[in-house]
Amino acid sequence: MVPNIFAVPAPIRQLFDKFPLLTYPSNDLPHRTRRNGHVLYVFATEDGAAAGAPSYNPACLKWQTYLKFSKIDFRLVSSNNHASPSGALPFLLPSSTDSNPTKPIASGKLQRWAMDKSSTGIEESSDLRYEAYLSLLDHRIRRAWIYSVYLSPNAISIAEPLYVLPASNNPLVRLSIAYDLKRAAEKELLKFSAVINTESIYSEADDALEALETLLGSDKWFFGVSKPTLFDASVFAYTHLLLDEHMDWVETRLRDAVRKHRHLVKHRDRIVTSYFSEI
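Note that UniProt numbering has the sequence shown beginning at 1, numbered continuously upward.
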């Protein structure tokens, strides 16, 4: 039997929002020290985390942005899924003292935690259409993102430098990680159809973006609310990364689809200017 050398890289746990590559037991927390502030662990470069730059992972960027909307001070730490107690990023360690350690907050509980800690009191829209539009992000746009990043030529220009190369210096381990990422992406997309149809995936994403463009219209924020919500952060998590000049998009079909929608572009630019102006 061939030795299981490919079991070494634990970081390949849940690079895609909402579905795990493998199921792992919980991990120990990062080394506990006195924390004078909240710490959000995300996919990011060391320099990017130190500067507070947007995470390059949509799941992480969504919550990073939402915490900014909530006016909660925090700092970023570059991490990977192996460091997460739940096996997935992001997670937050609230500020603590040596005598009063705190438990990590998983992404699924971040909204409630932020609402309890924030003085701004962000409430999601009660619009009856909310769930229908949210499903466009969680399904159609997310599937197009998965295909574009992991199964198109962007797998070499984006997925490899961001997720594969930092995980190990061992070329065999890197090869295994790249293979597992591709297989996981294919497996996820095949949940929705018998074959992976590129045209169908991008066409459905185009329709979803058009629907979001119409929904936003000339309003500043989705559903006509007075200040940005988690829905705005969820949209921004995709539109920003697709429009980000630092992302090396080789296959640009999904990026071009966003560029066609001026209201979505303005929405993205508005958030960058208001909440990431230091970058």
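For glycine and all other residues, C-beta sits at the position ideal for the given N, C-alpha and C. Please read all numbers here as calculations on a predicted model, not as lab measurements.
Helix, strand or coil at residue i [DSSP, three-state]
i, result
"Y41", "strand"
"R112", "helix"
"S125", "coil"
"I196", "coil"
"S96", "strand"
"V77", "strand"
"P276", "The sequence shown places Phe at residue 276, rather than the Pro named in the question. DSSP places F276 in coil when its eight states are reduced to three."
"A88", "coil"
"I105", "strand"
"K68", "helix"
"N154", "helix"
"T120", "coil"
Buried versus exposed call for residue i [16 or more other C-beta atoms within 10 Å across all chains shown]
i, result
"S79", "buried"
"I156", "exposed"
"L216", "buried"
"L128", "exposed"
"N169", "exposed"
"K109", "exposed"
"Y179", "exposed"
"R268", "buried"
"N81", "buried"
"A44", "buried"
"T214", "exposed"
"K68", "buried"
"A50", "exposed"
"S84", "buried"
"L172", "exposed"
Between the CA atoms of residue j and residue i - distance to the nearest angstrom
i, j, result
"K62", "A194", "30 Å"
"S196", "A208", "Before going further, note that residue 196 is Ile rather than Ser in the sequence given. Rounded to the nearest angstrom, the two C-alpha atoms are 18 Å apart."
"L165", "R174", "6 Å"
"K182", "L190", "12 Å"
"G218", "H263", "The question names Gly, yet the displayed sequence has Ser at residue 218. Rounded to whole angstroms, S218 to H263 spans 7 Å at the Cα level."
"L243", "L40", "24 Å"
"K103", "S200", "43 Å"
"S55", "S95", "21 Å"
"E160", "A233", "26 Å"
"T229", "Y133", "14 Å"
"S135", "G48", "30 Å"
"I72", "E188", "34 Å"
"N36", "V225", "33 Å"
Inter-residue CB distance, residue i and residue j (contact presumed, cutoff 8 Å)
i, j, result
"G52", "E278", "7 Å"
"A167", "I177", "6 Å"
"V42", "N57", "7 Å"
Short Cβ contact (8 Å threshold) for residue i with residue j
i, j, result
"C60", "L92", "no"
"A205", "I122", "no"
"P153", "V258", "no"
"S106", "S86", "Checking the sequence, you will find Ala at residue 106 rather than Ser. Closer than 8 Å, so yes."
"A185", "Y150", "yes"
"K220", "R270", "yes"
"A144", "L254", "yes"
"F236", "T65", "yes"
"S70", "S125", "no"
"Y238", "T198", "no"
Proximity test, Cβ basis, 8 Å: residue i and chain C
i, result
"F43", "Looking at the structure shown, chain C is missing, and only one protein chain is on hand."
Any non-hydrogen atom of the ligand COA within 7 Å of residue i CB
i, result
"A237", "This structure simply doesn't include the ligand COA, nor any ligand for that matter."
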